[in-house]
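Here the sequence shown stands for residues 6 to 382, where the numbers follow this note's numbering. From the three backbone atoms N, C-alpha and C, an ideal C-beta is built for every residue, glycine too. Given the structure is predicted, the values throughout are model-derived calculations rather than measurements.
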Amino acid sequence: MAAITLRKIVKTYDNGFTAVKGIDLHIHDHEFMVLVGPSGCGKTTSLRMIAGLEDVSEGDLMIGERRVNDVEPKDRDIAMVFQSYALYPHMTVRDNMAFGLKLRKLPRLEIEHRVDDATRMLGLKDHLEKRPKQLSGGQRQRVALGRAIVRNPQVFLFDEPLSNLDAKLRAEMRYELKTLQQRLRTTMVYVTHDQIEAMTLGDRITVMSHGEIQQVAPPMTVYEFPYNRFVAEFIGSPKINVIPGSLVQADGRWQFRLPSGDAVALSMREQHAFAAHAGKSVALGIRPEHFLVAPNATSVPVQMKVSVVELMGDHQYVYLTLPSHDGVLTMKCGPHFRCAPGDTVTVHWDTAPAHVFASTDEHAQTITLPQGFARQL
Ligand SMILES: Nc1ncnc2c1ncn2[C@@H]1O[C@H](COP(=O)(O)OP(=O)(O)O)[C@@H](O)[C@H]1O
Ligand SMILES: [Mg+2]
């Protein structure tokens with residue numbers, strides 16, 4: 006059993022700064038949990054507390070059935086992989102992987118077995134006698150992974166392990182990490198600021214901001230039902246469009262009044278949520294793929310002006326502006342929709358999957374979530 010439970014965990018550093026503000030989180034046995042959020046939100050601090058590299062100021066930290074607040078890192082049965090590989094430069098790949106096991110005085114044959122297994126898993130067979138400086142960045146990171154795997158821990162902790170790699174290698178290593186987890190079925194906690202890594206790797210994602218948890222849910226739930234504006238904007242690339250406005254009722258239907266005064270009929274299922282916010286300043290969140298070039302059953306046509314077009318081959322991003330709204334809005338559509346900067350085009354807003362946020366604040370809560378929807382799933 007290697008579930009991890011954080012109960013009201015607080016971290017206040019010696020200088021008085023509170024980096025983690027009483028978080029509650031349960032990570033299941035065998036789960037791949039990703040902690041994601043912008044730089045400085047407390048991800049590394051949280052991970053280092055789990056590892057035992059940082060004292061917990063308040064709260065209970067459990068690994069399995071055991072409260073580990075006061076357990077030494079070496080006695081927690083975890084292995085950690087960092088952004089910097091921290092390999093021993095003078096040792097071969099084989100010795101780098103075996104070193105920790107030798108320190109623990111494991112039998113020689115057992116060490117050989119484990120290094121063999123990890124080597125095969127990571128495709129390092131041809132590199133065992135090389136030294137780190139003879140390897141590429143991706144290979145070095147694989148050795149660092151191997152060093153963690155041979156320990157056969159209850160829990161793996163990763164802190165931005167792919168940040169130093171280029172985009173192509175990152176994609177490859179994402180695939181390998183996912184494969185690895187499917188094979189090892191060890192509990193993994195993975196810290197990243199990259200929402201794509203979070204979406205692709207996590208069984209669940211924990212979105213953090215300013216030392217607090219914003220939402221915990223499987224990736225697609227976070228994407229489709231962001232708990233607040235912060236989560237909506239952090240997850241998804243290109244970013245969700247957020248447009249300030251107000252809720253008005255006309256002919257018994259709720260509409261969103263744009264800065265220009267035009268109104269867009271809202272077709273979300275959660276119509277009951279709107280009355281409490283009538284007339285107040287709110288924001289509409291609509292993802293780039295919900296700006297359509299052709300109408301559907303729930304869309305509303307809106308005239309928008311094209312500012313920039315980015316063709317990506319299989320799709321394109323069209324950057325658009327609205328009268329009386331400062332920001333640029335993004336549409337994602339097929340590559341064959343023809344338009345040019347300066348054109349006025351009709352964009353069909355599909356509001357059924359869109360969201361309304363309770364105010365224009367950065368952390369404003371989503372009011373269009375299904376009834377009974379919980380912040381942590
Ligand atoms: N040793 C420390 N002393 C004081 N403040 C720290 C210390 N380490 C980190 N912090 C602060 O705590 C906050 C969270 O840091 P960190 O957990 O490293 O964030 P993240 O990993 O999400 O980027 C940041 O504001 C950081 O400056
Ligand atoms: Mg960090």
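Residue(s) in a DSSP beta bridge with residue i
i	result
residue 26	15
residue 63	15
residue 229	Answer by DSSP bridge pairing: none, since residue 229 is not bridged.
residue 124	Answer is none; residue 124 lacks a bridge partner.
residue 41	197 and 212
residue 268	262
residue 317	None; residue 317 has no bridge partner.
residue 162	85 and 194
residue 309	350
Residues near residue i by beta carbon distance below 7 Å, same chain, minus five either side
i	result
residue 242	200 and 201
residue 296	336, 352 and 354
residue 259	252, 271, 276 and 279
residue 59	16, 50 and 53
residue 76	57
residue 312	324, 325, 326, 333 and 346
residue 182	206
Outcome for residue i when other beta-carbon atoms lying within 10 angstroms are tallied against a minimum of 16
i	result
residue 234	buried
residue 45	exposed
residue 332	exposed
residue 171	exposed
residue 292	buried
residue 164	buried
residue 345	exposed
residue 317	exposed
residue 225	exposed
residue 20	exposed
residue 373	buried
residue 184	exposed
residue 376	exposed
residue 36	buried
residue 125	exposed
residue 379	exposed
residue 162	buried
Distance CB(residue i)-CB(residue j) smaller than 9 Å
i	j	result
residue 249	residue 287	yes
residue 290	residue 320	no
residue 166	residue 191	no
residue 305	residue 323	no
residue 186	residue 206	yes
residue 28	residue 217	yes
residue 10	residue 30	yes
residue 221	residue 210	yes
residue 212	residue 55	no
residue 204	residue 228	yes
residue 89	residue 169	yes
Beta-carbon proximity list for residue i, same chain, < 6 Å, skipping 5 on both sides
i	result
residue 262	250, 251, 253 and 268
residue 119	155
residue 237	231, 245 and 290
residue 214	42, 46 and 235
residue 265	328 and 329
residue 283	252
residue 310	326 and 349
Cut-off 8 Å between Cβ atoms - residues of its own chain near residue i, not counting five sequence neighbours on either side
i	result
residue 177	143
residue 314	321, 322, 323, 324, 344, 345 and 346
residue 382	209, 221, 222, 223 and 226
residue 128	147
residue 105	152, 155 and 156
Contact with chain D by residue i, beta-carbon distance below 9 Å
i	result
residue 52	In summary, chain D is missing from the structure at hand, where a single protein chain is found.
Check: residue i C-beta below 8 Å from any heavy atom of ligand 3
i	result
residue 340	Looking for ligand 3 in the displayed structure turns up nothing; the ligands present are ligand 1 and ligand 2.
Q. Quick one: any contact between the segment 64-73 and the segment 131-138, if contact means 3 or more CB pairs under 8 Å?
A. no
Q) Is the number of C-beta pairs between the segment 94-109 and the segment 44-61 that are closer than 8 Å three or more? A) no
Q: Determine contact between the segment 354-367 and the segment 296-312, defined as no fewer than three beta-carbon pairs at a distance below 8 Å.
A: yes
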